[in-house]
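Take 58 as the starting number for the sequence shown in the numbering used here and just add one per residue.
Quick reminder that beta carbons are idealized off the backbone N, C-alpha and C, glycines included.
No experiment lies behind these values; they were computed from the predicted model shown.
See structure below.
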Amino acid sequence: MKKIKIKPDFIDIRGSIIRPIDDIVGKKIKSVSIIISDKSNVIRGNHFHKKEEHFMYILEGEVEYYEKAANNPRAKAKKIKLVSGDLLFTGRMTSHAVVSKKRTIMVYLSTLRRTRSGDYGDTFFDKIA
């Protein structure tokens with residue numbers, strides 16, 4: 058589990074500029090989504106990817122993020138709380154799930170292209186939350 062600490066790159070009286078993934082090299086982002094959960098206890102994920110890696114940036118709200126190694130069915134999922142301003146990286150072969158604790162808006166940045174017709178080609182279900 059890799060929660061990434063980020064700080065504003067620029068601050069003045071107008072506000073701040075944050076570039077959350079500029080310093081992470083070797084990751085080419087091919088898809089960006091905004092995910093909105095209007096209710097608490099909405100569960101997303103419960104799956105892993107063999108090829109995809111992704112970042113989740115919490116714009117607003119609070120979630121519990123669960124993960125475990127996908128190739129270890131006996132492993133117990135670890136949990137971390139993410140709040141507004143937190144950035145998290147999920148690597149390949151990592152089973153993961155997100156549970157919203159209140160209304161949440163997050164930006165999802167993927168290394169694989171997503172389509173409107175679905176993205177299940179590299180999504181393998183594994184219930185962990």
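Would you grab the beta carbon distance between residue 161 and residue 118 for me? Rounded to a whole angstrom, and I think it's under 8 Å.
Here residue 161 corresponds to residue number 104 of the sequence shown, with the count starting at 1. Here residue 118 corresponds to residue number 61 of the sequence shown, with the count starting at 1. Indeed they touch by this definition, with Cβ atoms about 3 Å apart.
Note down the Cα distance separating residue 179 from residue 169, rounded to an integer number of angstroms.
Counted from its first residue, the sequence shown places residue 179 at position 122. Counted from its first residue, the sequence shown places residue 169 at position 112. Their Cα atoms are separated by approximately 9 Å.
CA nearest to the CA of residue 183, picked from 163, 124, 93, 171:
Here residue 183 corresponds to residue number 126 of the sequence shown, with the count starting at 1. Distances from the CA of residue 183 to each of 163, 124, 93, 171 were compared; the closest alpha carbon is that of 124.
For residue 114 versus residue 137, is the C-beta distance shorter than 8 Å?
As a first step, residue 114 must be located in the sequence shown, where it is residue number 57. As a first step, residue 137 must be located in the sequence shown, where it is residue number 80. No; because the gap between Cβ atoms is not below 8 Å, this pair is not in contact.
Quick check: the Cα distance between residue 154 and residue 164, rounded to an integer number of angstroms?
Here residue 154 is taken as the residue at index 97 of the sequence shown, counted from 1. Here residue 164 is taken as the residue at index 107 of the sequence shown, counted from 1. If I take the Cα positions, the gap works out to 15 Å.
Quick one: is residue 144 buried, meaning 16 or more other Cβ sit within 10 Å of its Cβ, or exposed?
Counting from one through the sequence shown, the residue named residue 144 turns up at place 87. Residue burial annotation: residue 144 is buried, with at least 16 other C-beta atoms found within 10 angstroms of its C-beta.
Could you tell me how far apart the beta carbons of residue 86 and residue 157 are, in whole angstroms, since I believe they sit closer than 8 Å?
Your numbering for residue 86 matches position 29 in the sequence shown. Your numbering for residue 157 matches position 100 in the sequence shown. 23 Å between Cβ atoms; not a contact.
Strictly by DSSP, which residues pair up with residue 180?
Taking the sequence shown and counting its residues from 1, the one referred to as residue 180 is at position 123. Here residue 180 is not bridged, per DSSP, to any residue.
What residue ranges within the stretch 91-146 form continuous beta strand (DSSP E) runs of no fewer than 3 residues, ordered along the chain?
Counting only runs of 3 or more, we get 100-105, 111-117, 119-126, 135-140.
Compute the Euclidean distance between the alpha carbons of residue 59 and residue 91, then round it to the nearest angstrom.
Stepping through the sequence shown from its first residue, residue 59 is reached at position 2. Stepping through the sequence shown from its first residue, residue 91 is reached at position 34. One Cα belongs to residue 59, the other to residue 91, and the distance between them is close to 21 Å.
To the nearest angstrom, how far is the alpha carbon of residue 185 from that of residue 70?
The residue you call residue 185 lines up with position 128 of the sequence shown. The residue you call residue 70 lines up with position 13 of the sequence shown. Each residue's alpha carbon lies about 44 Å from the other.
Please return the same chain residues whose Cβ sits closer than 7 Å to the Cβ of residue 108, not counting the five positions on each side in sequence.
Taking the sequence shown and counting its residues from 1, one reaches residue 108 at position 51. Correct list, in chain order: 149, 169, 179.
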